[in-house]
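Residue 71 in my numbering sits at position 71 of the sequence shown, and the numbers go up by one each step.
See below for the structure under consideration.
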Amino acid sequence: MGKHTGVSLLAIILFFPVVLFAQFNNNTTSPYSRFGLGDLQRGSLGRSAAMGGAILGSRSNQQINLANPASYTSVDSLAFLADFGFQAGFARYKNDLSGFSTNNINFNYFAFSFPVTSWLGTGVGLTPYSDTGYEVQMTEEEENFGTVWHRYNGEGSLSRATLGIGVEPVKNISLGVNLYYFFGRLTRNAYVTFLDNLDSYSDEKYEQIRLRDFGLSYGLQATLPVNPTSQITLGVILETRPEFTAFHSDLTRKILSDGTTTDIDTVVFIDEIKDIIKMPLSLGVGLSFTSQEKLEINADYFHQKWSEATFFGEPNPFLTDLNRFSVGGEYIPDRHSIRSYFDRVAYRAGFTYENYYLTFGDQQLNDLGISFGVGLPIYRSLSMVNVSAQLGKRGKISNNLVREYYARLAVSVNLYDMWFIKRKYD
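Okay, structure coming up:
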């Protein structure tokens, strides 16, 4: 067993339940998380978060790539990888009238990967899919009603627990499949109070969506050697339109109070009706160029056809197709240097532009971000601490929308152990 095997086992035992708990604590404060399935997470692990999320073609033998299951065959035949991390988020929201700031911090994900044979590898992980966490209050003047106070709040998370395999049937061609369990719940509440009535009158709506089901995603990676020290890898992922079992609850009621008595009239009561949410087709294509164990450059295109998604048999008017373009790179001056620690550090940067999956009228939200970070080697091992920062903006101030300026700091630990070694003694 490797020198740090005990550390990896302890990490699995301790952090898996912690990250499982974290999946039920939202990682967003965005008012846009009120719509669709909430604020979609990109699922970037520690290394790729600093590279703009561009990862589909990457075949690192020291870092885990859950995004493309074909990458599992790149892990060294005697290696065991474990990766866990957390993220802190800071955001500033502005519209035509005002602005406010928020922050949050939480454990983010857990993953590990190891080979079964020289041509078959596995990956396991628990990652966030989307988060809902918002509270919005506003007043407006309405004819015949006077001043009306609105309050909207929501919370919850959707997550994916993944078990995948990758095979290399022929040299330089890898195929993979991820079986995942999609689960979680989203709660959304709305309150409306008519302030100018002689009697206090209000509407309240409590709505919840709970999902649970299995799905499959597929991956391919094909590598073309350019010369003995350089290569190009094409990566492709595909997820056909899965249908997930969902449970919908709805309680809507009217409340009238004259100061001494209160009348509550239940208008709608739905107690967890079982139905289907049909998710979008997902397709991603990536290219990765590596050279001399020093340089890696990745470029990805990712598409989700949310315009064809349906919720309980109905399309969602706020959803449109998502398109994301990501470019990122990593440079390591000399990963084998024994004289300089900084020569072994991995320096990373990336860029992302996304047409987000929400639209309001003819205004689709756009997301523009940059990222950068480092991979810090742990003394006398191949393990690494990954640190990354992401800066960006989403939305716009005009047309009654909100512009979101965000900063995210992510820290993860990637543990690399040598396992499955048979010792011989004389």
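Don't be surprised by glycine CBs; every beta carbon is placed ideally from N, CA and C.
Keep in mind it's a predicted model, so treat the numbers as computed, not measured.
Taking a C-beta distance under 9 Å as the contact criterion, L391 and I370 qualify as a contact pair. Distance between R34 and T28, taken at the CA atoms: about 11 Å. Rounded to whole angstroms, the separation of the alpha carbons of A91 and R408 is 9 Å. The residue from N386, M418, K305, N399 with its alpha-carbon nearest to that of M51 is N386. The continuous beta strand (DSSP E) containing Y356 extends over residues 346–360. In the same chain as I273, and ignoring 5 residues on each side of it, the C-beta atoms closer than 6 Å to its own belong to H248, in chain order.
Residue pairing by DSSP places S230 opposite N227, S291 in a beta bridge.
With a minimum length of 4 residues, there is no unbroken run of alpha helix (DSSP H) contained wholly in the segment 258–317. For L56 against G235, the beta-carbon gap comes to about 4 Å, under 8 Å, which counts as contact. For G392, the secondary structure class from DSSP, reduced to helix, strand or coil, is strand.
Comparing alpha carbon positions, the residue from F318, I255, T359, Y379 closest to R339 is Y379. Scanning its chain for C-beta atoms nearer than 6 Å, with the 5 sequence neighbours on each side dropped, one finds around P115 the residues V75, S77, G121, in chain order.
Pairing I173 with Q208 gives a Cβ-Cβ distance that is not under 9 Å. When the beta-carbon positions are compared, R335 and N95 stay at least 9 Å from each other. T320 carries a coil assignment under DSSP once its states are collapsed to helix, strand and coil. Runs of alpha helix (DSSP H) with 4 or more residues, each lying fully within the segment 30–61, are found at 46–49, listed in chain order. Per the DSSP secondary-structure output, L256 pairs in a beta bridge with Y201, D263. Contact check for V167 against L179 fails: the beta carbons are separated by 9 Å or more. Linking F194 to S30 through their CA atoms gives a straight-line distance of about 26 Å. By the CB criterion at 9 Å, Y201 and I270 fall outside the cutoff. Residue pairing for I370: DSSP places it in a beta bridge opposite F351, L391. For F244, the closest of F311, P169, D300, A299 by C-alpha to C-alpha distance is F311. Our two residues, R394 and Q41, have alpha carbons roughly 14 Å apart in a direct line. Separation of F342 and N61 (C-alpha to C-alpha, rounded to the nearest whole angstrom) is 21 Å. N399: not part of any beta strand (DSSP E); DSSP gives it neither H nor E. It is roughly 34 Å from the alpha-carbon of Q137 to the alpha-carbon of F325. DSSP places T193 in the strand class (E or B) of the three-state scheme. Contact check between the segment 296–307 and the segment 280–288: three or more CB pairs, one atom from each, fall below 8 Å, which counts as touching. For the options G219, Q63, G53, L382, the alpha carbon positioned closest to that of V177 is the one of G219. As the crow flies, the alpha-carbon of V374 is around 8 Å from that of R47.
The three-state reading of DSSP puts A70 in helix, counting H, G and I together. Taking the CA atoms as reference points, D213 sits about 44 Å from E141. Taking 8 Å as the upper bound for CB-CB distance, L376 and V345 are in contact here, some 6 Å apart.
The C-alpha of Q231 is placed about 7 Å away from the C-alpha of S291. T352 is the residue among T359, T352, T261, G361 whose C-alpha sits nearest the C-alpha of F372. In the DSSP annotation of this structure, W119 is not part of any beta strand (DSSP E), being labelled neither H nor E.
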